[in-house]
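Student: The listed protein sequences derive, respectively, from chains A and B.
The opening position of the first sequence corresponds to residue 35 in our numbering, with each subsequent residue numbered one higher.
The opening position of the second sequence corresponds to residue 35 in our numbering, with each subsequent residue numbered one higher.
For glycine and all other residues, C-beta sits at the position ideal for the given N, C-alpha and C.
2 protein chains.
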Amino acid sequence: MLSKKTQYALKALGYLAARYGHGPVLISEISINKKIPIKFLETILLELKQSNILDSKKGKGGGYYLLQPPKKTTLAQAIRLVGGPIALLPCVSLNFYEKCQDCDEATCGLNKAMIQTRDATLRILEKKTLEELIDVDQRKQV
Amino acid sequence: MLSKKTQYALKALGYLAARYGHGPVLISEISINKKIPIKFLETILLELKQSNILDSKKGKGGGYYLLQPPKKTTLAQAIRLVGGPIALLPCVSLNFYEKCQDCDEATCGLNKAMIQTRDATLRILEKKTLEELIDVDQRKQV
DNA sequence: GATTAGTCTATCAACTAAGTAGACTTAATT
DNA sequence: AATTAAGTCTACTTAGTTGATAGACTAATC
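1. Report the neighbours of LYS68(A) on chain B: residues whose CB is nearer than 7 Å to its CB, in chain order.
2. Just the Cα atoms here: how many angstroms apart are LYS73(B) and LEU80(A)?
3. Cα separation between ASP124(B) and CYS137(A)?
4. To the nearest whole angstrom, what separates the beta carbons of LYS163(B) and LEU109(B), a pair I think is in contact under 8 Å?
5. State buried or exposed for GLY93(A), treating a residue as buried only when at least 16 other CB atoms are found within 10 Å of its CB.
6. For GLN150(B) and chain A, any beta-carbon pair shorter than 8 Å?
7. Roughly how many angstroms separate the alpha carbons of ILE168(B) and ASN67(B), rounded to a whole number?
8. Which same chain residues, not among the five before or five after GLY48(B), have their C-beta less than 7 Å away from its C-beta?
9. Does any CB atom of chain B fall closer than 8 Å to the CB of GLY48(A)?
10. For ALA110(B) and chain A, any beta-carbon pair shorter than 8 Å?
11. To the nearest angstrom, how far is the alpha carbon of GLY97(A) from that of ARG152(B)?
12. At the level of alpha carbons, what is the spacing between PHE60(A) and GLY95(A)?
13. Give a yes or no on whether 8 Å exceeds the smallest Cβ distance from LYS39(A) to chain B.
14. Enumerated in chain order, which unbroken segments of the alpha helix (DSSP H) with a length of 4 residues or greater are wholly contained in the stretch 84-149 of chain A?
15. ILE168(A) touches chain B at which residues, Cβ-Cβ below 9 Å?
16. Let me make sure I understand the geometry here. Which of ASN129(A), CYS134(A), VAL170(A) has the alpha-carbon closest to that of THR141(B)?
17. With a threshold of 6 Å on Cβ separation, who are the neighbours of LYS45(B) within its own chain once the five nearest residues in sequence on each side are excluded?
18. Since GLU165(B) is in the alpha helix (DSSP H), which residue starts that stretch and which ends it?
19. Near SER62(B), what residues of its chain come up, given a Cβ to Cβ distance below 7 Å and the 5 sequence neighbours on each side ignored?
20. By how many angstroms is the C-alpha of HIS56(A) removed from the C-alpha of GLN188(A)?
21. Could you name the residues of the same chain whose beta carbon sits closer than 6 Å to that of ASN129(B), not counting the 5 residues immediately before and after it, in chain order?
22. Check whether the Cβ of LYS133(A) lies closer than 8 Å to any Cβ atom in chain B.
23. Could you check whether the Cβ of LYS73(A) sits closer than 8 Å to any Cβ belonging to chain B?
24. Going along chain A, which residues have a C-beta under 9 Å from LEU115(B)?
25. Report back the beta-carbon spacing between ILE149(A) and VAL126(A) to the nearest angstrom; my notes put them in contact at under 8 Å.
26. Roughly how many angstroms separate the alpha carbons of LYS146(A) and ILE87(A), rounded to a whole number?
27. Can you tell me the Cα-Cα spacing of LYS39(A) and PRO58(B), whole angstroms?
28. Does the Cβ of LEU101(B) have 16 or more other Cβ atoms within 10 Å, making it buried, or fewer, making it exposed?
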């Protein structure tokens with residue numbers, strides 16, 4: 035299961051994706067529409083900004099906005115930015131790898147099984163982009 | 035990523051699978067071989083016992099053992115016993131479902147994407163059993 | 001310069017991971 | 001039968017991480 039933070043980040047990115055090209059969006063607007071605690075959302079958006087996927091504008095008429103078209107960012111990228119590992123075990127994670135102390139990966143059955151699930155998951159998450167997060171009925175707006 | 039507890043549980047079950055039919059196995063033996071903190075392991079095994087997948091024998095010559103042949107338990111079952119959700123979001127979890135407050139599942143793009151990854155993951159985890167967790171070079175013993 | 005909105009710091013609560021201490025149970029030894 | 005050793009079972013404590021809240025601060029616009 036993804037952390038709350040990651041879940042919120044995906045929802046916020048989806049909301050911003052629907053508004054791409056239409057100027058900054060208020061934190062409070064995202065918070066209300068996506069039911070995300072506003073102070074938690076602040077820190078998440080700030081972190082996403084520091085990852086250079088978002089930018090913000092201060093003052094009146096300010097807010098957050100996507101830097102690139104939604105199509106350019108895959109779900110796998112988005113998850114890794116805030117949430118960390120996609121794999122179920124550290125020893126099969128591509129980006130957050132840690133070696134097991136107790137087993138040899140060449141013979142470990144658990145490792146083999148988890149690599150398969152990781153690959154199956156990535157096959158999907160690397161194809162889907164932020165554009166797919168836009169609700170079907172809003173998609174024409176983009 | 036699975037919780038530490040779930041990771042440990044899978045490793046312990048794998049160890050017990052390799053010893054299935056050969057009497058009780060000491061907690062301390064599993065702890066040493068699988069590098070799991072012994073007191074943490076105790077609580078995990080106890081919980082697994084209460085799920086009726088393991089049983090234990092107290093006193094001298096005691097220990098834990100699998101109740102059923104390793105083949106009978108899938109990895110999906112094992113993970114759910116201790117770790118909970120396999121899905122990446124609550125709103126796509128079969129066994130730990132929670133409705134999102136902010137979206138309609140019929141139109142939500144995130145929901146759709148995550149259902150696909152859940153199904154891909156389950157397709158694998160429901161085929162693999164505890165038998166596959168036995169190290170290749172030990173498998174003949176069973 | 002007043003208002004609006006993002007940024008930063010500090011704090012708190014809940015949960016997970018892990019360790020400590022001891023009680024209870026069984027089997028072997030005497 | 002009593003003792004002892006080998007094991008699980010139960011309760012409590014601590015450290016670290018995650019989730020969530022509050023308030024002061026900074027920057028941009030009007």
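Tutor: Considering the structure as presented:
1. ASP136
2. 40 Å
3. Here residue 124(B) is Pro; the residue named in the question, Asp, does not match the sequence. Our two residues, PRO124(B) and CYS137(A), have alpha carbons roughly 32 Å apart in a direct line.
4. First, the amino acid is wrong: residue 163(B) is Thr here, not Lys. With 8 Å as the limit, THR163(B) and LEU109(B) qualify as a contact, their Cβ atoms being about 7 Å apart.
5. Classification of GLY93(A): exposed, given that the 10 Å Cβ count is below 16.
6. Interface residue, yes.
7. 13 Å
8. LEU164, LEU167, ILE168
9. yes
10. no
11. 34 Å
12. The sequence shown places Leu at residue 60(A), rather than the Phe named in the question. LEU60(A) and GLY95(A): Cα-Cα distance of roughly 8 Å.
13. For LYS39(A), the answer is no, since every Cβ of chain B falls outside 8 Å of its Cβ.
14. 109-116
15. GLY143
16. VAL170(A)
17. The beta carbon of LYS45(B) sits closer than 6 Å to the beta carbons of LYS68 from its chain, once the five residues preceding and following it are set aside; these are given in chain order.
18. Looking at the DSSP string, GLU165(B) is not in any alpha helix (DSSP H), and its letter there is neither H nor E.
19. Cβ neighbours of SER62(B) beyond the five flanking positions: ILE72.
20. This structure leaves residue 188(A) out entirely; chain A is present only between 35 and 176.
21. ARG114
22. no
23. no
24. Neighbours of LEU115(B) on chain A: none; closest Cβ ~15 Å, over 9 Å.
25. 5 Å
26. 34 Å
27. Approximately 42 Å between the Cα atoms of the pair.
28. With fewer than 16 Cβ atoms within 10 Å of its Cβ, LEU101(B) is classed as exposed.
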